[in-house]
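Have a look at the structure below, then the notes.
2 protein chains.
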Amino acid sequence: MASTCGGRVSRNLTALRRSAPVFAALGDETRLRLLAKLSSGGPLSITQLAAGEAVTRQAITKHLAVLAAAGLVRDARTGRERRWELDTAPLNTARSCLDLVAQRWDQRLERLRALVEDDAP
Amino acid sequence: MASTCGGRVSRNLTALRRSAPVFAALGDETRLRLLAKLSSGGPLSITQLAAGEAVTRQAITKHLAVLAAAGLVRDARTGRERRWELDTAPLNTARSCLDLVAQRWDQRLERLRALVEDDAP
DNA sequence: GTCATATGCAACCTCCTGGTTGCATGTACC
DNA sequence: GGTACATGCAACCAGGAGGTTGCATATGAC
Numbered sequence: 001m002a003s004t005c006g007g008r009v010s011r012n013l014t015a016l017r018r019s020a021p022v023f024a025a026l027g028d029e030t031r032l033r034l035l036a037k038l039s040s041g042g043p044l045s046i047t048q049l050a051a052g053e054a055v056t057r058q059a060i061t062k063h064l065a066v067l068a069a070a071g072l073v074r075d076a077r078t079g080r081e082r083r084w085e086l087d088t089a090p091l092n093t094a095r096s097c098l099d100l101v102a103q104r105w106d107q108r109l110e111r112l113r114a115l116v117e118d119d120a121p
Numbered sequence: 001m002a003s004t005c006g007g008r009v010s011r012n013l014t015a016l017r018r019s020a021p022v023f024a025a026l027g028d029e030t031r032l033r034l035l036a037k038l039s040s041g042g043p044l045s046i047t048q049l050a051a052g053e054a055v056t057r058q059a060i061t062k063h064l065a066v067l068a069a070a071g072l073v074r075d076a077r078t079g080r081e082r083r084w085e086l087d088t089a090p091l092n093t094a095r096s097c098l099d100l101v102a103q104r105w106d107q108r109l110e111r112l113r114a115l116v117e118d119d120a121p
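Right, here's the structure in full:
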């Protein structure tokens, strides 16, 4: 399961390209903290998320917009509140893309090691 | 093996904070393509990496500097060349951080589901 | 030594990002 | 209806990111 990165090499490159925005969204300390809060604290409103943060509520709103654009969070209105919740799907895709790169490299190293051992036993 | 994200919650947050630069480095299409090239093409020189790319060699140099600052690549001189190679360690750390967030969220959902089923069997 | 190749350094430009402030709107609640 | 809370919208700002061009410097080949 869970492999937008699976398949042929060309598809892998497409998946990598599509993952860039996700990684970019993850590449900010404040946003990572928001994700951590959401992962353990459940659906939270903007004000709740902004509580304890060093920056303005407006800044948090912008960060949430970035996360939403990357598909990492969803919002749902409940009355006058707007609760945000995680979507782990892009997270899994990103993770398997990292796997792919790491695997290819490690396989390379392994082949190289085997070659050396074969050359001088 | 491979878990800077393991341990207590406070440590997890520190790990998340330390992962931000890695994700930021991954959050660019060109840089992802460089990593892909390196993962399958082995140690490559700047000129080799710049070949086929739409941007200047100088731009590639800057991207490599970003990747190096995140610990994702290392360089080694061989004569007048400078060959770059992957380091998958930060990749693994980043991957387990993603795992952590996803797991916590999924556990939350699971607990919620169990609660609902318990409430109305 | 000379020439071509591989890289380094620096200045410069543009645009996006993260952040702020101020004000408007919507919705509970009494 | 009025008040308080939750959010939305817009303008604005500083700094950094990504990119370019031009020139300097090393090093391998002949």
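First to last, the sequence lines map onto chains B and L. Heads up: the first sequence begins at 1 in the numbering used here, then just goes up one per residue. Heads up: the second sequence begins at 1 in the numbering used here, then just goes up one per residue. Every residue, glycine too, gets a C-beta built ideally from N, C-alpha and C. Remember, predicted model here, so these are calculated numbers, not experimental data.
Limits of the beta strand (DSSP E) - the one that residue i falls within
{"i": "arginine 122 of chain B", "result": "Given a span of 1 to 121 for chain B in the structure shown, any question on residue 122 of chain B remains unanswerable."}
Cβ distance (whole Å) where residue i is taken to contact residue j below 8 Å
{"i": "alanine 26 of chain L", "j": "leucine 34 of chain L", "result": "Note on residue identity: the sequence assigns leucine, not alanine, to residue 26 of chain L. About 11 Å; that fails the 8 Å criterion."}
{"i": "arginine 95 of chain L", "j": "aspartate 106 of chain B", "result": "Incorrect: roughly 13 Å between the Cβ atoms, too far for contact."}
{"i": "valine 22 of chain B", "j": "alanine 70 of chain B", "result": "5 Å"}
{"i": "aspartate 104 of chain B", "j": "glutamate 29 of chain L", "result": "One detail in the question is off: residue 104 of chain B reads as arginine in this sequence, not aspartate. Not confirmed; about 18 Å, so no contact."}
{"i": "glutamate 85 of chain B", "j": "arginine 77 of chain B", "result": "Actually they do not touch by this definition, with Cβ atoms about 12 Å apart."}
{"i": "arginine 108 of chain B", "j": "glycine 52 of chain L", "result": "With a Cβ gap of about 20 Å, arginine 108 of chain B and glycine 52 of chain L do not count as contacting."}
{"i": "serine 19 of chain B", "j": "valine 101 of chain L", "result": "Between valine 101 of chain L and serine 19 of chain B the Cβ distance is about 16 Å, and since that is not below 8 Å, they are no contact."}
Close Cβ partners of residue i (< 7 Å) along its chain, the five nearest in sequence each way excluded
{"i": "threonine 61 of chain L", "result": "Ile46"}
{"i": "valine 66 of chain B", "result": "Ala25 and Arg31"}
{"i": "arginine 57 of chain L", "result": "Ile46, Thr47 and Ala50"}
{"i": "proline 90 of chain B", "result": "Val22, Ala70, Gly71 and Leu72"}
{"i": "lysine 37 of chain L", "result": "Leu44 and Leu49"}
{"i": "cysteine 97 of chain L", "result": "Cys5, Ala15, Leu16 and Ser19"}
{"i": "aspartate 87 of chain B", "result": "Gly71, Leu72, Val73 and Arg74"}
{"i": "valine 55 of chain L", "result": "Thr30"}
Own chain partners of residue i with C-beta closer than 8 Å, once the 5 adjacent residues on each side are dropped
{"i": "leucine 64 of chain L", "result": "Leu34, Ile46, Leu49, Val73, Asp75 and Trp84"}
Beta-carbon contacts of residue i that lie in its chain and below 6 Å, excluding the five residues immediately before and after
{"i": "leucine 112 of chain L", "result": "none"}
Contact test: residue i Cβ vs the ligand HEM heavy atom, cutoff 7 Å
{"i": "alanine 15 of chain B", "result": "Summarising the ligand content, the structure contains no ligands, and the ligand HEM is consequently not present."}
Segments of 3+ residues assigned as beta strand (DSSP E) that fall wholly inside the segment 14-59 of chain B: Segments of the beta strand (DSSP E) lying fully in the segment 14-59 of chain B: there are none.
Segment contact, 8 Å Cβ cut-off, at least three pairs: the segment 39-58 of chain L with the segment 79-91 of chain L: Yes, since at least three Cβ pairs between the segment 39-58 of chain L and the segment 79-91 of chain L fall closer than 8 Å, the two stretches touch.
Runs of beta strand (DSSP E) lying entirely within the segment 67-108 of chain B, each at least 3 residues, in chain order: List check, beta strand (DSSP E) in window: 73-78 and 81-86.
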